[in-house]
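Residue numbers are given in the numbering used here: position 105 of the sequence shown equals residue 145, and the series is strictly consecutive.
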Amino acid sequence: MSDFITPEKLLTELPLSSQCNEFVFTARETIKKILLQPDQRILVVVGPCSIHDSTSAIEYAEKLRLEIEKHQETLCIVMRVYLEKPRTRTGWKGFLNDPHLNQNYAIEKGLPQARELLLTINKIGVPVATEVVNPITAPYFLDLCGWIAIGARTTESQPHREFASGLAIPVGFKNNTSGDIQAAIDGVQSASQSHHYVGIDFSGKINHIHSNGNPYCHVVLRGSKEKSNDDLHSIQQTINTLEKQRLAPRIMIDCSHGNSQKDHHQQLLSLQKIAGYISSGNHAILGVMLESNLVSGKQTWIPHQPLRYGQSITDACIGWEETVAALAMLSESVRLRRENMVSYTV
41 MSDFITPEKL LTELPLSSQC NEFVFTARET IKKILLQPDQ RILVVVGPCS IHDSTSAIEY
101 AEKLRLEIEK HQETLCIVMR VYLEKPRTRT GWKGFLNDPH LNQNYAIEKG LPQARELLLT
161 INKIGVPVAT EVVNPITAPY FLDLCGWIAI GARTTESQPH REFASGLAIP VGFKNNTSGD
221 IQAAIDGVQS ASQSHHYVGI DFSGKINHIH SNGNPYCHVV LRGSKEKSND DLHSIQQTIN
281 TLEKQRLAPR IMIDCSHGNS QKDHHQQLLS LQKIAGYISS GNHAILGVML ESNLVSGKQT
341 WIPHQPLRYG QSITDACIGW EETVAALAML SESVRLRREN MVSYTV
């Protein structure tokens, strides 16, 4: 057991510049406007299933920056930078937990390395999205994030719902691994309310925390092992339930996981369906998620063995060329929806 650097100290050692702070704030406000619909663009959270190599992550961000500029009128593109991996049983728990991929679990090194990476990606001009797996580690990097996910394994967790309720960041709650959409809706409902709970403050002390509630939470449909839920029936069923509970009738769809049945190529089929819904005038869908990397597929991680550059060591991802095509398809669907809206009003 060893003493940890406090969030306060790490944020002092690796500070957020005023320019970077403004960039993160703008990203959050843009996503909030998409959620509430003054902004008619589609949010796209795209990037590697998990980060295991800073160099390839930075190269990915530099490429993504060009796509952000290309589609800025139709899409709000945010890079998926997942630093921790939830596990059903065991396995590599992510860059923050084992940054050297050698099972030494140098978390004290993973925290500053993770923060440095997020700082670099924001400086490139790419907003960041991540999943909060452990609310204790989140204060070390949340000031650098524009969007947050609460994953399928933690969407029913009271500590995660309480934590989300105290954030000024848009938060997506995924349906659970069995496909229960109500679990995500309950998460959104809970996190929108004020809570009193025990948490860690920036000085690293356990404290009584009082949250105000987060009005920017939303549901993310990610399917299950048995079936997908990116179909119109599932979408409408979710919207109806949200409206009954007086929650904003807006959802995201994760094209990977259960909606691709773990086949990375099927992400594009899921996205094709969603693009069709959008071009036909659907306004319930606020965004999508895609698992993408420089190189298509995945590889097996064996400690101390060399890895193929730019390829996932967790879930299989679509490659860069497929990513460019996917973003273009989604962008076109938004453009068509706008054209149809204009034709209806003329």
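Backbone N, C-alpha and C define an ideal beta-carbon position, used for all residues, glycine too.
Check your understanding: Can you tell me the Cα-Cα spacing of residue 59 and residue 320, whole angstroms?
Key -> 39 Å
Exercise for review: Measure the alpha-carbon distance for residue 132 versus residue 223 and round it to whole angstroms.
Suggested key: 26 Å
Point to revise | Own chain residues within Cβ distance below 8 Å of residue 348, not counting five before or after | key: 335 and 339
Review point. Residue 360 by DSSP, collapsed to three states: which one?
Key: helix
Point to revise | Beta bridge counterpart(s) of residue 215 as assigned by DSSP | key: Bridge partners of residue 215: none, in fact.
Exercise for review: Using 10 angstroms around the beta-carbon of residue 284, count the other beta-carbons present and answer buried if the total reaches 16, otherwise exposed.
Suggested key: exposed
Check your understanding: What number of angstroms, rounded off, separates the C-alpha of residue 105 from the C-alpha of residue 330?
Key -> 16 Å
**Study point:** Range of the contiguous beta strand (DSSP E) that encloses residue 257
**Key:** 257 to 261
Check your understanding: Should residue 290 be labelled buried (16 or more other beta-carbon atoms within 10 Å of its own) or exposed?
Key -> buried
Point to revise | Residue from 367, 113, 242 and 203 whose Cα sits closest to the Cα of residue 253 | key: 203
Review point. Taking the C-alpha atoms as reference points, what is the distance between residue 379 and residue 373?
Key: 10 Å
Review point. Relative to the C-alpha of residue 243, which residue among 179, 273 and 301 is closest?
Key: 179
Check your understanding: So, do the stretch 107 to 114 and the stretch 58 to 78 have three or more beta carbon pairs nearer to each other than 8 Å?
Key -> no
Practice item. Note down, in chain order, each residue of its chain lying with its Cβ closer than 6 Å to the Cβ of residue 191, except the 5 sequence neighbours on either side. Key: 126, 171 and 214
Practice item. Alpha carbon to alpha carbon, how far is residue 248 from residue 237? Give it in angstroms, no decimals. Key: 6 Å
Exercise for review: Can you tell me which of the three DSSP states residue 10 falls into?
Suggested key: Because the chain is modelled from 41 through 386, residue 10 falls outside the range shown and cannot be assessed.
Practice item. Could you tell me the distance, in whole angstroms, from the CA atom of residue 169 to the CA atom of residue 381? Key: 30 Å
Point to revise | Close-in-space but distant-in-sequence residues of the same chain around residue 163 (CB under 7 Å, 5 per side omitted) | key: 60
Review point. Do residue 67 and residue 186 have their CB atoms nearer than 9 Å?
Key: yes
Exercise for review: Give the secondary structure of residue 266 by DSSP, where H, G and I count as helix, E and B as strand, and everything else as coil.
Suggested key: coil
Practice item. Return the CA-CA distance between residue 48 and residue 264, expressed in angstroms with no decimal places. Key: 39 Å
Practice item. Give the DSSP bridge partners of residue 248, in chain order. Key: 238
Review point. Between residue 262 and the rest of its own chain, which residues show a CB-CB distance below 7 Å, the 5 nearest in sequence each way excluded?
Key: 192, 214, 215, 294, 297, 298 and 299
**Study point:** Simplified DSSP state of residue 169, which is helix, strand or coil
**Key:** strand
Check your understanding: In angstroms, rounded to a whole number, what distance separates the CA positions of residue 282 and residue 226?
Key -> 10 Å
Review point. Can you name, in chain order, every residue of its own chain whose Cβ lies under 6 Å from the Cβ of residue 218, other than the five neighbours on each side?
Key: 264
**Study point:** Same chain only: Cβ atoms within 6 Å of residue 304, ignoring 5 sequence neighbours per side
**Key:** 356, 357 and 358
Point to revise | For residue 228, the first and last residue of its enclosing beta strand (DSSP E) | key: Careful: residue 228 lies outside any beta strand (DSSP E), inside the alpha helix (DSSP H) at 221 to 231.
Check your understanding: Which value, in whole angstroms, describes the spacing of the CA atoms of residue 383 and residue 318?
Key -> Unreliable positioning characterises residue 383 in this predicted model, as indicated by a pLDDT of 48, which lies under 50. A coordinate reading is not provided.
Exercise for review: Within 10 angstroms of the Cβ of residue 151, are there 16 or more other Cβ atoms? Answer buried if so, exposed if not.
Suggested key: buried
Review point. Among 138, 124 and 275, which one has its Cα closest to the Cα of residue 88?
Key: 124
Practice item. Please work out which residues of its chain come closer than 6 Å, Cβ to Cβ, to residue 240, disregarding the five sequence neighbours upstream and downstream, and give them in chain order. Key: 176
Exercise for review: Name the residue from 268, 286, 279 and 277 whose alpha carbon lies nearest to the alpha carbon of residue 306.
Suggested key: 268
Practice item. State the CB to CB distance for the pair residue 221 and residue 128, rounded to an integer number of angstroms; the pair is presumed to be in contact (CB under 8 Å). Key: About 20 Å; that fails the 8 Å criterion.
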